[in-house]
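Trainee: Attaching a single structure in structure tokens format; questions to follow.
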Amino acid sequence: MAAAHHVCGGLLLSETHTDAVMYTYRVKQVYQMAQTKFQHAMLVELAGYGKTLFLDNKIQSALLDEYMFHEPMVQPGMVTHPNPQRVLVAGGGEGATLREVLRHNTVQQAVMVDIDEQLVRYCEQYMPEWHQGAFTDPRTTLIFDDARKIIPQYRNHFDVIVSDLTDPLEAGPSQYLFTREFYQMIYDALTDEGVLTVQSGAG
Numbered sequence: 001m002a003a004a005h006h007v008c009g010g011l012l013l014s015e016t017h018t019d020a021v022m023y024t025y026r027v028k029q030v031y032q033m034a035q036t037k038f039q040h041a042m043l044v045e046l047a048g049y050g051k052t053l054f055l056d057n058k059i060q061s062a063l064l065d066e067y068m069f070h071e072p073m074v075q076p077g078m079v080t081h082p083n084p085q086r087v088l089v090a091g092g093g094e095g096a097t098l099r100e101v102l103r104h105n106t107v108q109q110a111v112m113v114d115i116d117e118q119l120v121r122y123c124e125q126y127m128p129e130w131h132q133g134a135f136t137d138p139r140t141t142l143i144f145d146d147a148r149k150i151i152p153q154y155r156n157h158f159d160v161i162v163s164d165l166t167d168p169l170e171a172g173p174s175q176y177l178f179t180r181e182f183y184q185m186i187y188d189a190l191t192d193e194g195v196l197t198v199q200s201g202a203g
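Take 1 as the starting number for the sequence shown in our numbering and just add one per residue.
See below:
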């Protein structure tokens with residue numbers, strides 16, 4: 001949980017990680033705050049990190065090092081598959097995961113499914129450094145719905161699936177997407193040589 005504190009010289013954001021550990025960041029600028037149907041989004045400029053996205057008061061992505069997250073999440077699966085033509089991104093609201101998928105010229109179809117259209121449009125408008133035009137690439141199909149409804153429509157279809165979901169917090173948009181049933185849907189949507197990569201937190 002992040003809390004804002006006004007101090008001499010500016011604004012601080014504190015983020016609690018454990019009972020014993022709290023991180024505090026100096027905010028240089030607040031770009032935008034929004035409450036979507038599913039979560040609270042806040043985009044700020046942090047000293048030392050640059051533009052940074054918070055979702056439900058937890059850091060989601062910072063411009064300084066987002067590539068260290070998105071590249072290793074996407075590229076191992078893409079280079080492991082011999083010819084990745086059809087790719088699904090589950091989640092990935094900032095568009096950076098989609099950006100990494102579309103770096104491959106073999107890709108003919110990139111389907112991104114995210115339940116929170118408001119967040120995706122927010123990221124499209126305010127975070128171009130992340131998506132770099134991936135949302136409007138002609139190979140991209142954006143679907144704003146529950147992934148549990150959409151993925152079963154693509155049986156034996158995708159060469160690579162990248163699961164870039166938020167953590168399964170109670171009452172969060174991804175709480176039902178870390179189940180045996182959901183991963184069976186993913187398995188059924190993959191081709192025989194299909195590859196799955198998953199964003200997984202430490203906690």
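Cβ coordinates follow ideal geometry from the N, Cα and C atoms, glycine included. None of the values given here were measured: they were computed from a predicted structure.
Between which residues of its own chain and Q60 is the CB-CB distance below 7 Å, once the five residues before and five after are set aside?
Mentor: L53 and F54, listed in sequence order.
Trainee: Could you spell out the range, first to last residue, of the beta strand (DSSP E) harbouring E45?
Mentor: Where E45 is concerned, the enclosing beta strand (DSSP E) stretches over H40 to L46.
Trainee: So, with DSSP's three-state summary, where would you put F69?
Mentor: Looking at F69 - three-state DSSP - the assignment turns out to be helix.
Trainee: Leaving out the 5 sequence neighbours to the left and right, which residues in its chain are closer than 8 Å to I115 when beta-carbon positions are compared?
Mentor: Cβ within range, chain order: F38, F144, D145, D146, A147 and P173.
Trainee: For L88, which residues of its own chain have a beta-carbon under 6 Å away from its beta-carbon, when the five flanking residues on both sides are left out?
Mentor: So the list reads V111, F158 and I161, once near-sequence residues are dropped.
Trainee: Should V107 and V113 be called a contact, given that it needs their Cβ atoms to be closer than 9 Å?
Mentor: Not in contact: V107 and V113 (Cβ atoms no closer than 9 Å).
Trainee: Quick one: what's got a C-beta closer than 6 Å to Q32's C-beta in the same chain, skipping five residues either side?
Mentor: Counting only Cβ-Cβ distances below 6 Å, and skipping sequence neighbours, we find L43 and Y126.
Trainee: By the DSSP assignment, the alpha helix (DSSP H) with I186 in it spans what residues?
Mentor: From DSSP, the alpha helix (DSSP H) with I186 extends over R180 to A189.
Trainee: For V195, name the three-state secondary structure that DSSP assigns.
Mentor: Note: V195 maps to strand in three-state DSSP.
Trainee: Please tell me whether V27 and L12 are closer than 9 Å, where the distance is taken between their beta carbons.
Mentor: Cβ distance < 9 Å, so V27 and L12 count as in contact.
Trainee: Just the C-alpha distance for G50 and E66, rounded to the nearest angstrom, thanks.
Mentor: Roughly 11 Å separates the two Cα atoms.
Trainee: Using only the alpha-carbon positions, how far apart do T80 and V195 sit?
Mentor: For T80 and V195, the distance between alpha carbons rounds to 8 Å.
Trainee: At 4 residues or longer, what runs of the alpha helix (DSSP H) sit wholly inside the segment 94-164?
Mentor: Listed in chain order, the complete alpha helix (DSSP H) runs (minimum 4 residues) inside the segment 94-164 are 96-101, 117-126, 128-131 and 147-150.
Trainee: Between L119, I151 and E71, which has its C-alpha nearest D188's C-alpha?
Mentor: The candidate whose alpha carbon is nearest that of D188 is I151.
Trainee: For D135 and G95, which I take to be in contact (beta-carbon distance under 8 Å), what is that distance rounded to the nearest angstrom?
Mentor: The sequence given here has Phe at residue 135, not Asp. Indeed, because the Cβ distance is near 6 Å, the residues count as touching under 8 Å.
Trainee: Going by beta carbon distance, what residues of the same chain come within less than 8 Å of A62, once the five residues before and after it are set aside?
Mentor: Around A62: L46, Y49, G50, K51, T52 and L53.
Trainee: With 16 as the cutoff for other CB atoms within 10 Å, does M22 come out buried or exposed?
Mentor: With fewer than 16 Cβ atoms within 10 Å of its Cβ, M22 is classed as exposed.
Trainee: Skipping 5 residues on each side, what residues in its chain have a beta carbon closer than 8 Å to that of G92?
Mentor: Closer than 8 Å at the Cβ level, and outside the excluded window around G92, lie L98, M112, D114, V162 and D164.
Trainee: V120 to V74, Cα distance in whole Å?
Mentor: Whole-angstrom Cα-Cα distance: 19 Å.
Trainee: Spatial neighbours of W130 within its chain, please: C-beta separation below 6 Å, excluding the five flanking residues on both sides.
Mentor: Contacts found: E94, G95 and A96.
Trainee: Is the distance from the Cβ of G77 to the Cβ of T197 below 9 Å?
Mentor: Contact: yes.
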